[in-house]
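>
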Amino acid sequence: MKITKAKVVKGKLRVPSDKSISHRSIIITALAEGTSIVKNFLKAGDTLTTIDVFRSLGIKIDEAEGLFFIHGKGLKGLTEPDDVLYMGNSGTTTRLTLGVLAGQPIFAVMTGDNSLRKRPMKRVLLPLKNMGANVDGRNKGDYLPIAIRGNSSLRGIEFFNEKASAQVKSALLLAGLNAKGKTIVIEPIMSRDHTERMLKAMGANIRTEFDEGGYRVYLDKTEKLNPVDINVPADPSSAAFFAAAAVIVPGSEILLEEVLINPTRDGFFRKLKEMGADIEYLNQREEAGEPVADISVKYTPHLKAVSVEKKEVPSMIDELPLLALIATQAEGETVIKGAEELRVKESDRIKAVVENLKRIGVEVEELPDGIIIKGKQKIKGGTIESYHDHRIAMGFSILGLISEEGIEIKDPECATISYPQFYEHLKQLVIFE
Ligand code: S3P
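Throughout, this note's numbering is defined as the position within the sequence shown, counted from one, plus 3.
1) By how many angstroms is the C-alpha of A418 removed from the C-alpha of D55?
2) Have a look at I410 and I6 and give me their C-alpha separation to the nearest angstrom.
3) Check whether the Cβ of A327 lies closer than 8 Å to any heavy atom of the ligand S3P, and answer yes or no.
4) For the putative contact between I257 and G14, defined by C-beta atoms under 8 Å, what is the C-beta separation to the nearest angstrom?
5) Evaluate contact between the segment 219-238 and the segment 260-271, counting only Cβ atoms and requiring at least three cross-stretch pairs below 8 Å.
6) Which residues does DSSP pair with S310 in a beta bridge?
7) Keeping to the same chain, check which residues put their C-beta closer than 6 Å to that of D269; ignore five residues upstream and five downstream.
8) Should the segment 169-184 be regarded as contacting the segment 92-106, the criterion being three or more beta carbon pairs within less than 8 Å?
9) Figure out for me which residue from K340, R158, F271, L345 has the closest Cα to the Cα of D223.
10) For A246, collect the residues of the same chain with a Cβ closer than 6 Å to its Cβ; drop the 5 residues on either side in sequence, then sort them by chain order.
11) Could you tell me if L78 is buried or exposed, where buried requires 16 or more neighbouring beta carbons within 10 angstroms of its beta carbon?
12) For the ligand S3P, is there any heavy atom lying closer than 8 Å to the beta carbon of H3?
13) Straight-line CA distance for T114 to P148?
14) Report the option in G94, L128, N208 whose CA atom is closest to the CA atom of N142.
15) Please determine whether the Cβ atom of S318 lies at a distance below 8 Å from any heavy atom of the ligand S3P.
16) So the candidates are A296, G279, M278; which of them puts its Cα closest to the Cα of N286?
17) Here's the rule: buried if 16 or more other CB atoms are within 10 angstroms of the residue's CB, otherwise exposed. What is D321?
18) Report the three-state DSSP secondary structure of H428 (helix, strand or coil).
19) Check M113 in the structure and name its three-state DSSP category.
20) Hey, how far is the Cα of E161 from the Cα of Y284?
21) Does the beta carbon of E344 fall short of 8 Å from some heavy atom of the ligand S3P?
22) So which of G184, K172, K76, Y89 has the shortest CA-CA distance to T52?
23) Quick one: is the Cβ of D372 within less than 8 Å of any heavy atom of the ligand S3P?
24) Go ahead and pull the three-state DSSP assignment for L88.
25) Give a single yes or no on whether G48 has its beta carbon closer than 8 Å to a heavy atom of the ligand S3P.
26) At 3 residues or longer, and completely inside the segment 51-86: list those beta strand (DSSP E) runs for me, N to C.
What follows is the structure, given as structure tokens:
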């Protein structure tokens, strides 16, 4: 796939639905007593993995007329799978499902693809073990394959979420539903809160609060979860690619419709505004307990360099590679720090950004926990390695739109993990030179 220089990016777009909320709309409703209905579920590689996994765990999931019906079987209703659960490329499916299985009276084994089998799991296994879970995996419990035998006498713990991982927080809260006593998660920097919002809407015994120490979640053993209807908004992490395209391609103007703007997720858009980008939230509203807006984005000729600090990282974690690419067009030097978590995503995203930028003629400096990007650089072009990482393939495709000789993307199909229509949408919105 070669992406060449664009003349302009124009139009309206409703990008695919939010990946994080779509995962949770299956995993959490599977634990409800009764049928939940999900509208606008994201049909992409990762979230279809979640559906397969929960079907293997005995949950009936039907699709009709664009709606998904999840027939929940209660807090301990899952059945033992008769084969290894395949988690594909999905860290969210793996870590949240581990939390669910910790308190179910069944045995399960999980594995995943080449990338997922390299990603750290001890961050979930250790606190789950402290809650009484019987779980172990390869490399002293850090890597898949992992085996888990549920324990019906889990106990709540207090957990300090130092890495601000929403997947770890969610796993512990889901385990906590079946645990004796309180499960408390303390976050010095708040991570995405979709699990807490959904659990509240379903009647869980959960409370959240903020103080000087940060954000805290308190969850008590819950008798039952009620089914819910969920309308999943558009994914800000997918919308980010087209917002970036409009900001850097001269003369562009687009409207991104129905985008989730939860403050734990919209850090990228706020950072672009700080860079001086012409971005506006229109028609702000609430849908299914989440804030949503239509986002208007226009070409911005004079972007300013910015710095990204540790406390800002969680709200833009998946968009940081893209932010680094846009920073090549800003005036001044952009410094991203405190983002070491990027090294343990679907690929080492710091390395992927730095090596690929160098390949296409851009000067960049790698830090252990971030990247320094010099601004106002010409993008010559060349071939980039996606490392089978959807966000790397899509990010560099966007940069191809301002490249002199075009950017060839290796393994572009990996975009289907979160955004199967990405290249189709690119063709619809971009007029090429
Ligand atoms: C996610 C949390 C984040 C994020 C991932 C999705 C989630 O990961 O990077 O794409 O849905 O909870 P961490 O929890 O590892 O930070």
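Beta carbons are placed, not taken as given, at the ideal position from N, Cα and C, and that holds for glycine.
Quick caveat, the model's predicted, so the values are computed rather than measured.
In this structure, then:
1) 20 Å
2) 5 Å
3) A327: no, Cβ never under 8 Å from the ligand S3P.
4) 6 Å
5) yes
6) V338
7) Scanning its chain for C-beta atoms nearer than 6 Å, with the 5 sequence neighbours on each side dropped, one finds around D269 the residues P239, in chain order.
8) yes
9) For D223, the nearest C-alpha among the options comes from R158.
10) Within its own chain, the residues whose Cβ lies closer than 6 Å to the Cβ of A246, once the five positions on either side in sequence are excluded, are V300, listed in chain order.
11) buried
12) Nothing about residue 3 can be reported from this structure: the residues present for the chain run from 4 to 436 only.
13) 4 Å
14) L128
15) no
16) Comparing Cα-Cα distances from N286 to each of A296, G279, M278, the minimum goes to A296.
17) Buried, since its Cβ has 16 or more Cβ neighbours within 10 Å.
18) helix
19) strand
20) 37 Å
21) yes
22) The residue among G184, K172, K76, Y89 with its C-alpha nearest the C-alpha of T52 is Y89.
23) no
24) strand
25) No, Cβ of G48 sits at least 8 Å from all heavy atoms of the ligand S3P.
26) 63-67, 70-76
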